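*Asks:*
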Amino acid sequence: MHRATIVDTRPSNPGFRTPPLDPRLSSQVRDRIFAIKKPNASFLVRFLVRARLPPPHRSFSFCCACRSGSSGCGIRSRIRKRARARWDPPSKARLAGIRSPRFEWSLPRSDAQNDNRRSSPFDPCLSKIVRDRALPIKKPIAFIFSAVRAYLHLFGVFLRLGGIAFGGPVAHISLFHEEFVRRRRWLDEARYADLVALCQFLPGPASSQVGMAIGWMRGGYAGALIAWLAFTAPGAISMTLLALAIASGLVGAAEPGAAPAWLSSLGLVVVAIVGQALWAMGRNAWVGGRRVSIGLASAAALLIFPSLQLPVIAAAAGAGLLWLKEPLAPSPGTNAPTLGIARNADALDRSRRPSSSMRISALWLALFALVLVILPILAAFFPDPKLALADALYRTGSLVFGGGHVVLPLLQSEMVAPGKVDQDTFLAGYGLVQAIPGPLFSFAAFLGASVDGLEGSPFGALIALVSIFAPSFLLLFGALPSWERLREKRSLRAALAGVNAAVVGLLLAVLCNPIIVKSVREPVDVLGVLLAIALLYWRGWPPWSVVGLFALGGALLPLL
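Just so we're aligned: 540 in numbering that gives the first Met the number 0 is position 541 of the sequence shown, and the numbers increase by one with no gaps anywhere.
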């Protein structure tokens, strides 16, 4: 392993230029920064650091894989040619079709500055470009363990949220806002609002797609998968165990539409969570009289016609395009450290060619359409209950917009009408899923373990769960690469401003009906809502503790 030698910059050695290193770093730290995997590249580093370059080229800069950049002297040109011939871009970037980044020496942060970056699992001696671009480092095993630790941290964050995510997709979006925007600062308000608007446009569970998008921005495709798995696991496992218990006769199915007695107490907590989200998101989305008008009109339309969610959002986008088209500043990027083996959204947007993101989007969308066409053909030619289950739930996940209770009629037509699941079991499972944390689409795991031919089979629950969420993955992966580029266009940002105002109106409409209508039935329930608000936002209790307190109180009150 060759290392770059730090040049002596004392006055007695005036012929050498000062290398672009932070003088506050120790020699051991500087050696670790310049440790590179390939000896040839290390030789180029030492050569250029020691070279007497002209003043315009005092900062070391060369291109790894392209011909762009300012023209330099003959030495610089030869170095660029040799670097292009010897440098291997990261394999993950090459497989994804991403342009190799322009490499520049940047001043690393000092040790004192890096003391505050405790959430990053990587060596604080490494500069930001090394952490973000995952360039080869001296100890690949240590790098792998650091990446695994970072992914485990991401898994733990979403697993905790999946265990306390009561109240449906609206409450989940509020929970994500509290966790990732206000507490962890992984996203800013504008970027989070744009993600919510995008997921409202796409078919599938909107709240789960928001979690997938946050995981994608933190850890790439693997991060999206980990975020979905952790957030869905508590509810899916609970529903699978309930289905297995009913199928084995350990417990009897509940009455049609029945739910646990303590479910109504959880609704009071949901009212407090959604109300706080309305206040936080409304302050950013409802700026100016026109945006407030769009939001209130959207809320009124959704209260009158609850099934017209997509047309209302589309109309709000058109209104924003007409009324809100003005110069809008780009959203600032996240100030949180990213995983070293992934790129954040801003880095991805800068590194890809204009056509690369479109090709990646077209690939994912073509895969989505291909599966949508092939599954019915396979189910028709091969009468297997597994294929029929996968076809029915994949088609359901491709057609439902907004998620939540909208999926109920589609699932009923696909599962109950053909006789795959009886009506009583279907309604009992749908009542139980209201008391289970996590996405409402985890109800598919219950159906997969209850369908004829796969009754009592955990494998059926797995097939159903993957099938109903697969369209969300494919559509989201197809939309995100182009979304980060298109969202900076002036006309699109004006349309997004209208959509964001409509999304807040949607939250207001859902808060009024069905959340408040079904949760606040008596005067004592108003006191419960006020108590939840006081515990959550005045006393600072975590959501899971408030949920547990209200669930315990709801179970004990009937016994008094």
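Even glycine gets a Cβ: it sits at the ideal position worked out from N, Cα and C.
Quantities reported herein were computed from a predicted structural model and do not represent experimental measurements.
Which residue comes first and which comes last in the alpha helix (DSSP H) that contains Arg492?
*Replies:* Arg489 to Val509
*Asks:* For Arg290, report the span of its alpha helix (DSSP H) as first-last.
*Replies:* Gly288 to Ile303
*Asks:* In this structure, does DSSP put Arg77 in helix, strand or coil?
*Replies:* Residue placement at Arg77 is poorly supported in this model, since its pLDDT is 47, which falls under 50; the coordinates still yield a value, given next. Arg77 falls in the helix class under three-state DSSP.
*Asks:* Compute the beta-carbon to beta-carbon distance between Ala448 and Leu228, rounded to the nearest angstrom, for a pair I have assumed lies under 8 angstroms.
*Replies:* Wrong, their Cβ atoms sit about 18 angstroms apart, outside the cutoff.
*Asks:* Start and end of the alpha helix (DSSP H) containing Lys419?
*Replies:* Element bounds for Lys419: n/a, residue is neither H nor E.
*Asks:* Going by beta-carbon coordinates alone, are Leu392 and Ser466 separated by less than 8 angstroms?
*Replies:* Taking a C-beta distance under 8 angstroms as the contact criterion, Leu392 and Ser466 qualify as a contact pair.
*Asks:* Please go through the same chain and pick out, in chain order, the residues whose beta-carbon is closer than 6 angstroms to the beta-carbon of Ala445, but skip the five residues on each side of it.
*Replies:* Looking at the sequence provided, one finds Phe at residue 445 rather than Ala. These residues qualify, in order along the chain: Met238, Ala242 and Gly428.
*Asks:* Give a yes or no on whether the C-beta atoms belonging to Gly234 and Ala226 are separated by under 8 angstroms.
*Replies:* no
*Asks:* Which of the three DSSP states is assigned to Pro202 in this structure?
*Replies:* Looking at Pro202 - three-state DSSP - the assignment turns out to be strand.
*Asks:* Mind checking Cys511: buried by the 16 CB within 10 Å criterion, or exposed?
*Replies:* exposed
*Asks:* Does Gln208 come out as helix, strand or coil in the three-state DSSP assignment?
*Replies:* helix
*Asks:* Kindly confirm or deny that the stretch 474-483 and the stretch 196-206 touch, where touching means at least three C-beta pairs closer than 8 angstroms.
*Replies:* The stretch 474-483, when compared against the stretch 196-206, does touch it at the 8 angstroms Cβ threshold.
*Asks:* Is it true that the CB of Ala315 sits closer than 8 angstroms to the CB of Ser292?
*Replies:* Contact: no.
*Asks:* Using the three-state DSSP reduction, which class does Ala444 fall into: helix, strand or coil?
*Replies:* helix
*Asks:* Taking the continuous alpha helix (DSSP H) assigned at Ile359, which residues delimit it?
*Replies:* Ser355 to Phe380
*Asks:* Out of Ile435, Tyr536, Pro480 and Arg282, which has the shortest C-alpha to C-alpha gap to Tyr220?
*Replies:* Pro480
*Asks:* Starting from the Cα of Glu454, find the closest Cα among Tyr536, Phe381, Pro436 and Lys419 and give me that residue.
*Replies:* Lys419
*Asks:* Just curious, the alpha helix (DSSP H) that Gln433 is in, first and last residue?
*Replies:* Note, Gln433: premise wrong, no alpha helix (DSSP H); not H, not E.
*Asks:* Can you confirm whether Ser449, when its beta carbon is compared against all beta carbons of chain D, has any partner nearer than 8 angstroms?
*Replies:* No chain D appears in the structure shown, which is made up of a single protein chain.
*Asks:* So what's Pro522 in DSSP terms, helix, strand or just coil?
*Replies:* Helix.
*Asks:* Name the two residues that bound the continuous alpha helix (DSSP H) containing Asp390.
*Replies:* Pro384 to Leu398
*Asks:* Near Gly497, which residues of its chain fall below 8 angstroms by C-beta distance, leaving aside the five closest residues on each side in sequence?
*Replies:* Arg290, Ile293, Ala315, Ala316, Gly317, Ala318, Gly319, Leu320, Trp322 and Leu323
*Asks:* Consult DSSP for Gly527 and reduce its assignment to one of helix, strand or coil.
*Replies:* If DSSP states are grouped into helix, strand and coil, Gly527 belongs with the helices.
*Asks:* Keeping to the same chain, check which residues put their C-beta closer than 6 angstroms to that of Gly586; ignore five residues upstream and five downstream.
*Replies:* The structure shown does not extend to residue 586, since the chain spans only 0 to 559, so no value can be given for it.
*Asks:* Here's the rule: buried if 16 or more other CB atoms are within 10 angstroms of the residue's CB, otherwise exposed. What is Ser306?
*Replies:* By the neighbour-count rule (16 or more Cβ atoms within 10 Å), Ser306 is not buried but exposed.
*Asks:* Helix, strand or coil for Lys517? Go by DSSP, reduced to three states.
*Replies:* helix
*Asks:* Taking the CB atoms as reference points, tell me whether Leu431 and Pro168 lie closer together than 8 angstroms.
*Replies:* Their beta carbons are not under 8 angstroms apart, which means Leu431 does not touch Pro168 by this criterion.
*Asks:* Output needed for Pro384: all residues of its chain with C-beta closer than 6 angstroms, excluding positions within five of it in sequence on either side, in chain order.
*Replies:* Gly452 and Leu453
*Asks:* How many Å lie between Gly553 and Ser264 at the Cα?
*Replies:* The alpha-carbon atoms of Gly553 and Ser264 are separated by roughly 5 angstroms.
*Asks:* Quick check on Trp540: does DSSP put it in helix, strand or coil?
*Replies:* coil
*Asks:* Pull up the distance between the alpha-carbon of Asp390 and that of Gly218, whole angstroms please.
*Replies:* Rounded to whole angstroms, Asp390 to Gly218 spans 30 angstroms at the Cα level.
*Asks:* Pick helix, strand or coil for Val450, following the three-state DSSP scheme.
*Replies:* Of the three classes helix, strand and coil, the one that applies to Val450 here is coil, per DSSP.
*Asks:* Could you give the C-beta distance for Ala170 and Val273, rounded to a whole number, given that I count them as a contact under 8 angstroms?
*Replies:* The C-beta distance from Ala170 to Val273 rounds to 6 angstroms, short enough to fall under 8 angstroms.
*Asks:* Can you list, in chain order, the residues of its chain whose CB lies under 7 angstroms from that of Ala378, leaving out five sequence neighbours each side?
*Replies:* The residues are Leu386, Ala387 and Asp390.
*Asks:* So, are the CB atoms of Asn283 and Ala164 less than 8 angstroms apart?
*Replies:* no
*Asks:* Over the uninterrupted alpha helix (DSSP H) stretch that includes Pro168, give me the two end residues.
*Replies:* Where Pro168 is concerned, the enclosing alpha helix (DSSP H) stretches over Gly167 to Phe175.
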